[in-house]
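Residue numbers (our numbering): 7 to 615.
Ideal placement from N, C-alpha and C gives every residue a C-beta, glycine not left out.
Quantities reported herein were computed from a predicted structural model and do not represent experimental measurements.
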Amino acid sequence: MCGIAGYVGKKNAVEVVFDQLKRLEYRGYDSAGIAFPQNGGIGVLKRAGKLVNLESVLGQAPSDARYAIAHSRWATHGAPTDENAHPHFDEHEDVAVIHNGIIENYLELKEDLEKRGHVFRSQTDTEVAAHVIGHEYADGGPLEEAVRRAVKQFRGAYALVVISRREPGKIVAVRNASPLVIGLGKGENMLASDIPALLPYTREVLVMEENSIATLTDDTVAVTDGDGRELPFHPQHIDWDLASAERGGYEHFLLKEIHEQPHVIRQCQAGRFNEDGSVHLEGVFSEHVWMEIDRVNIIACGTAFHAGLMGKTLFEQMLRLPTDVYYSSEFRYGDPVLSPKSLAIFISQSGETADTLAALRLCKSKRIRTLGIVNVLGSSIARECDRTLYTQAGPEISVASTKAYTAQVIVLTLLAMYIAQIQEMPGVRLQDWAKALSNLSGLADEALKTECEVLEIAEKVQDMKLAFFLGRGADANLALEGALKLKEIAYVPTQESPAGEMKHGPLALVEPGVVAFFGATDPSVSDKIVSNIREVQARGGTVVAFTTEDETIVPRASDYVLRVPTSGEEFLSSLLTIIPMQLMAYHVARLRGCEIDQPRNLAKSVTVE
Ligand code: G6P
Numbered sequence: 007m008c009g010i011a012g013y014v015g016k017k018n019a020v021e022v023v024f025d026q027l028k029r030l031e032y033r034g035y036d037s038a039g040i041a042f043p044q045n046g047g048i049g050v051l052k053r054a055g056k057l058v059n060l061e062s063v064l065g066q067a068p069s070d071a072r073y074a075i076a077h078s079r080w081a082t083h084g085a086p087t088d089e090n091a092h093p094h095f096d097e098h099e100d101v102a103v104i105h106n107g108i109i110e111n112y113l114e115l116k117e118d119l120e121k122r123g124h125v126f127r128s129q130t131d132t133e134v135a136a137h138v139i140g141h142e143y144a145d146g147g148p149l150e151e152a153v154r155r156a157v158k159q160f161r162g163a164y165a166l167v168v169i170s171r172r173e174p175g176k177i178v179a180v181r182n183a184s185p186l187v188i189g190l191g192k193g194e195n196m197l198a199s200d201i202p203a204l205l206p207y208t209r210e211v212l213v214m215e216e217n218s219i220a221t222l223t224d225d226t227v228a229v230t231d232g233d234g235r236e237l238p239f240h241p242q243h244i245d246w247d248l249a250s251a252e253r254g255g256y257e258h259f260l261l262k263e264i265h266e267q268p269h270v271i272r273q274c275q276a277g278r279f280n281e282d283g284s285v286h287l288e289g290v291f292s293e294h295v296w297m298e299i300d301r302v303n304i305i306a307c308g309t310a311f312h313a314g315l316m317g318k319t320l321f322e323q324m325l326r327l328p329t330d331v332y333y334s335s336e337f338r339y340g341d342p343v344l345s346p347k348s349l350a351i352f353i354s355q356s357g358e359t360a361d362t363l364a365a366l367r368l369c370k371s372k373r374i375r376t377l378g379i380v381n382v383l384g385s386s387i388a389r390e391c392d393r394t395l396y397t398q399a400g401p402e403i404s405v406a407s408t409k410a411y412t413a414q415v416i417v418l419t420l421l422a423m424y425i426a427q428i429q430e431m432p433g434v435r436l437q438d439w440a441k442a443l444s445n446l447s448g449l450a451d452e453a454l455k456t457e458c459e460v461l462e463i464a465e466k467v468q469d470m471k472l473a474f475f476l477g478r479g480a481d482a483n484l485a486l487e488g489a490l491k492l493k494e495i496a497y498v499p500t501q502e503s504p505a506g507e508m509k510h511g512p513l514a515l516v517e518p519g520v521v522a523f524f525g526a527t528d529p530s531v532s533d534k535i536v537s538n539i540r541e542v543q544a545r546g547g548t549v550v551a552f553t554t555e556d557e558t559i560v561p562r563a564s565d566y567v568l569r570v571p572t573s574g575e576e577f578l579s580s581l582l583t584i585i586p587m588q589l590m591a592y593h594v595a596r597l598r599g600c601e602i603d604q605p606r607n608l609a610k611s612v613t614v615e
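Okay, here's the thing in structure tokens:
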């Protein structure tokens, strides 16, 4: 949510930060802006709308600027206009500030400053932050000390990056609950909200700690805590392949990420099996802890929440372990009943989602054991959980999550198998599960081959006025995720529910022009699904079924059919249907001319409440 970039070194800084911003545009695209040194002061260029609007005026920036900061905005306070775009100046244009997050007490601060004669040009909380910093700076530098004094007055979540006309060649950054990563180079240093923006320039990164302040020049980086004490730092080497953070010939990141899933399925299992076929999960709790756990709470948002529902199905069916799944935003304010022997699992692609992070901190304050299932290395949730399992899916750039979902479900499957192994659960055929998982990548490749048929069906149904997503058991979980994809990228209104619930209300919405997508991979309920299909068709609705190659009766009843291969484990056959569902959302969105990688109003990493 909001992309931040900064660079100081020998290169054309405007060019570098703009390139970094392009790699971060998935974090926000309501407006973009850039600040750089110019004629002894600070020059700013900013434009509402996407980066191309900023690019069209970038020629006005000097090519010899050796430091610059840049921002792409996901609007919270104030409409997406030129005036509200970052960077913002303080009263005397001494400092320019970019910001990701929300300063919750900005109105109080603003009123106070207005009484002192400050005039504001935007409706943003960021401009207020800039004025507070400028005010502190007027009392004396250096810049990092002024920032330290200013942030003591802020409540909320923020990553702030500041430059000053009085201290050329210096960038100051502060992090509180919004991510910031520093990239260390030779004769150059930089920072960004996310690692992919830094990869073309350096592989040595330092994830900023909570409440730390960093000062960057071309050859120094100093990190201090809120009281000015120097903090030791331990850079990490990032070995992600740069290509995995680029589009690699695909028209959109989303399509690329859908197609990466066979590889991701292999990747997230890599190193997680012993030679004897047993599951090996590095760094999780010791065996006696797993014996003691009496309940699991899974907490997550969006697609990660849907992965959590798959976890519930698995934990209850395989382990008979009671499992609840909560939206993070509900959990954190819901005063949940938590057993001291329970385990709280936090699922997050970004590892930075504000509500999930707050729910995690709540569990920690109640001394509940916490386990993260996270994609982004070194992210807040990954660091703050007692234990973390990485999904190893590589960078996910498109706002709508695809490969991260599949990886999250695979990690939950490995975890369930691991617990079953320790608890010696009778009746769990672990070897069969291991075999099914090892075959899954190949089956995912086959599932991708449905793309031509998906496209043909998408052409027929693209004008649907409403899409139902229905299923039973694990397929009902998949239906929720299939619906979310279509809604978020193709803007098709959706109605999702377990198929059996349809007659308790949603059926009233079925009429010609409605398309019902059915997940139907469980043969034990095929006849029930066929009845539901008939109920839709009788009212003029069109039916598309996602089923397995072995299914016989559902295809005969449906208007269109997409078949995935049958896995040895039904749960995994069900999981495979997410691939044609994702492809359906993609192709419908493309046919409807939607902005696929950057859907309106959404952002990849939601670091505000
Ligand atoms: C946003 C993204 C979704 C994502 C959700 C949770 O809404 O657009 O794709 O599923 O946040 O994000 P997380 O990073 O915690 O998985």
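For residue i: DSSP bridge partner residues
| i | result |
| --- | --- |
| D330 | N303 |
| I177 | L222 |
| A350 | N303, T376 |
| I188 | L197, L212 |
| A44 | Looking at the sequence shown, residue 44 is not Ala but Gln. Per DSSP, G47. |
| S37 | A54, R79 |
| V648 | Residue 648 lies beyond the range of the chain shown here (7 to 615); nothing can be said about it. |
| F523 | F475, V550 |
| I264 | Answer is none; I264 lacks a bridge partner. |
| I539 | Answer by DSSP bridge pairing: none, since I539 is not bridged. |
Beta-carbon proximity of residue i to residue j, cut-off 8 Å
| i | j | result |
| --- | --- | --- |
| I109 | Y592 | no |
| D361 | E615 | yes |
| I188 | N195 | yes |
| V549 | D565 | yes |
| L119 | Q159 | no |
| F475 | L486 | yes |
| L443 | T412 | no |
| A156 | L186 | no |
| I139 | I48 | no |
| I104 | A74 | no |
| G477 | A544 | no |
| G574 | D438 | yes |
| K192 | T223 | no |
| A453 | V531 | no |
| V612 | C307 | yes |
| H92 | T132 | yes |
| G232 | R154 | yes |
Residues near residue i by beta carbon distance below 8 Å, same chain, minus five either side
| i | result |
| --- | --- |
| L472 | V498, P499, T500, Q501, L515, G519, V520, V521 |
| N343 | Checking the sequence shown, residue 343 turns out to be Val, not Asn. Counting only Cβ-Cβ distances below 8 Å, and skipping sequence neighbours, we find nothing. |
| I539 | A522, F524, V549, A551, V560, A563, S564 |
| D70 | N18 |
| I463 | V550, Y566, L568, M590 |
| E61 | F24 |
Span of the beta strand (DSSP E), counted from its first residue to its last, around residue i
| i | result |
| --- | --- |
| Q501 | 500-504 |
| T548 | 548-554 |
| Y396 | 393-396 |
| H593 | Where H593 is concerned, there is no enclosing beta strand (DSSP E), although the alpha helix (DSSP H) it sits in stretches over 584-597. |
| L568 | 566-570 |
| Y497 | Note, Y497: premise wrong, no beta strand (DSSP E); not H, not E. |
Own chain partners of residue i with C-beta closer than 6 Å, once the 5 adjacent residues on each side are dropped
| i | result |
| --- | --- |
| A183 | A163 |
| V229 | S218, A220, L237, F239 |
| T408 | E263, I264, Q588 |
| L581 | V415 |
| S335 | D361 |
| E322 | T329 |
| I304 | G314, G317, V331, I351 |
| V382 | S356, G357 |
Nonlocal neighbours in the same chain, by C-beta distance under 7 Å from residue i, ignoring five residues either side
| i | result |
| --- | --- |
| R596 | I602 |
| S128 | G84, E89, N90, H94 |
| L27 | G9, A11, A38, L57, A76, S78 |
| A310 | I353, S354, Q355, Q414 |
| K441 | G574 |
| Q66 | L51 |
Residue span of the alpha helix (DSSP H) that contains residue i, given as start and end
| i | result |
| --- | --- |
| V531 | First-last for V531: undefined, no H or E at that position. |
| S78 | From DSSP, S78 is part of no alpha helix (DSSP H) but of the beta strand (DSSP E) over 73-79. |
| Y13 | No alpha helix (DSSP H) holds Y13; the beta strand (DSSP E) holding it covers 9-14. |
| T230 | Here T230 belongs to no alpha helix (DSSP H); instead the beta strand (DSSP E) covers 227-230. |
| Y256 | Run containing Y256: none; DSSP gives neither H nor E here. |
| F126 | Per DSSP, F126 belongs to no alpha helix (DSSP H) and is neither H nor E. |
Starting from the N-terminal end, write out each residue whose C-beta falls within a distance shorter than 6 Å of any non-hydrogen atom of ligand 1. C307, G308, T309, A310, S354, Q355, S356, T359, T362, V405, A406, S407, L608, K610, S611, V612
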